[in-house]
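Student: Quick mapping for you: the protein sequence lines, in order, are chains Z and E.
Residue 1 is where the first sequence starts when you use the working numbering, and the numbers rise one by one after that.
Residue 1 is where the second sequence starts when you use the working numbering, and the numbers rise one by one after that.
We treat Cβ as the ideally placed atom computed from N, Cα and C, and that holds for glycine.
Model, not experiment: these values are computed from the prediction.
Sending over a structure as structure tokens; questions will come in a sec.
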Amino acid sequence: ILNVEQSPQSLHVQEGDSTNFTCSFPSSNFYALHWYRWETAKSPEALFVMTLNGDEKKKGRISATLNTKEGYSYLYIKGSQPEDSATYLCAFMQGSSNTGKLIFGQGTTLQVKP
Amino acid sequence: GAVVSQHPSRVICKSGTSVKIECRSLDFQATTMFWYRQFPKQSLMLMATSNEGSKATYEQGVEKDKFLINHASLTLSTLTVTSAHPEDSSFYICSARSTSGGGDTQYFGPGTRLTVL
Chain Z
1 ILNVEQSPQS LHVQEGDSTN FTCSFPSSNF YALHWYRWET AKSPEALFVM TLNGDEKKKG
61 RISATLNTKE GYSYLYIKGS QPEDSATYLC AFMQGSSNTG KLIFGQGTTL QVKP
Chain E
1 GAVVSQHPSR VICKSGTSVK IECRSLDFQA TTMFWYRQFP KQSLMLMATS NEGSKATYEQ
61 GVEKDKFLIN HASLTLSTLT VTSAHPEDSS FYICSARSTS GGGDTQYFGP GTRLTVL
């Protein structure tokens, strides 16, 4: 059974704080790692698709790194704002056959206090 | 950006009835769509892969006769929960796969909350 773990489960920070979360995934047969941002009552929004070991991607104040050999990815938010409050999901895509199937972690719920 | 709609957003039905949920890609074509289910405090669990013009592929433990999937066009997939029972109450969410521009991303609908009485 493939397991994708995210930590912490939830996080409360003050506006302006920088924060980071972890996604752990199987290190074998890696194809891609996706990050999504999911606000309440909205659709999950694709943030990053990461494929190469050592990849580092950035979107505004949010960035992510990838280590496929040890099976983890970090998501960083610099200078958190209240609008960053959401659940952040990572999803692992396995295999060379590229079925497109994603295996999701449980998410990290971030609450940014003004 | 790529937009996926899902309808209805919320449905309450009586036990034994069937419920149809629609998933549409509004501004792109998707040969592959996915259906997920989320129980409280759990992750999104893949139920099935919906392929345009062919049969859906179901994940282990998902009853294909219970959860009927039809992907009749490149922009629409439907999930029908047949003879729904209270244990089918859950949050159902779809995604549409886009491989345009060399990428491979899934765009999600907003989900459907199903309550079976």
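Can you list the residues of chain E that Val49 (chain Z) reaches, using a CB-CB cut of under 7 Å?
Tutor: Going along chain E in sequence order, the residues near Val49 (chain Z) (Cβ under 7 Å) are Gly103, Asp104, Thr105.
Student: Once the 5 residues before and after Glu45 (chain Z) are set aside, which same chain residues still bring their CB inside 8 Å of it?
Tutor: Cβ within range, chain order: Tyr36, Arg37, Trp38, Glu39.
Student: What number of angstroms, rounded off, separates the C-alpha of Val72 (chain E) from the C-alpha of Ala30 (chain E)?
Tutor: Here the sequence assigns Ala to residue 72 (chain E), which means Val is not the residue at that position. Cα to Cα, the separation comes out at about 11 Å.
Student: Skipping 5 residues on each side, what residues in its chain have a beta carbon closer than 7 Å to that of Gly112 (chain Z)?
Tutor: Residue identity check: residue 112 (chain Z) is Val in the sequence provided, not Gly. Hits under 7 Å: Val13, Glu15, Ser80, Gln81, Pro82, Asp84, Ser85.
Student: Just how far apart, CA to CA, sit Cys23 (chain Z) and Leu52 (chain Z)?
Tutor: For Cys23 (chain Z) and Leu52 (chain Z), the distance between alpha carbons rounds to 16 Å.
Student: Any idea what DSSP makes of Ser100 (chain E), helix, strand or coil?
Tutor: Of the three classes helix, strand and coil, the one that applies to Ser100 (chain E) here is helix, per DSSP.
Student: Below 8 Å on C-beta distance, what does Gly109 (chain E) contact in chain Z?
Tutor: Near Gly109 (chain E) (Cβ distances below 8 Å), the residues of chain Z are Ser43.
Student: Name the residue from Z:Ile103, Z:Cys90, Z:Pro114 whose alpha carbon lies nearest to the alpha carbon of Gln9 (chain Z).
Tutor: Nearest C-alpha to Gln9 (chain Z): Z:Cys90.
Student: Using beta carbons (cut-off 7 Å, strictly below), is Ala64 (chain Z) in contact with chain E?
Tutor: Chain E, which has no Cβ nearer than 7 Å to the Cβ of Ala64 (chain Z), makes this no.
Student: Whose CA, out of E:Gln106, E:Leu117, E:Thr112, E:Thr115, lies closest to the CA of Val49 (chain Z)?
Tutor: Selected option, being the one with the closest Cα: E:Gln106.
Student: Please name the residue, chosen from E:Val4, E:Tyr58, E:Ile21, that lies closest to Arg10 (chain E) on a Cα-to-Cα basis.
Tutor: Minimum Cα distance to Arg10 (chain E) is reached at E:Ile21.
Student: Are there three or more Cβ pairs, one per stretch, closer than 8 Å when the stretch 73–81 of chain E is compared with the stretch 24–38 of chain E?
Tutor: Counting Cβ pairs under 8 Å, three or more are found: they touch.
Student: List the residues of chain E that Lys101 (chain Z) touches, going by C-beta distances under 8 Å, in chain order.
Tutor: Neighbours of Lys101 (chain Z) on chain E, chain order: Phe34, Leu46, Thr49.
Student: Any idea what DSSP makes of Glu83 (chain Z), helix, strand or coil?
Tutor: Of the three classes helix, strand and coil, the one that applies to Glu83 (chain Z) here is helix, per DSSP.
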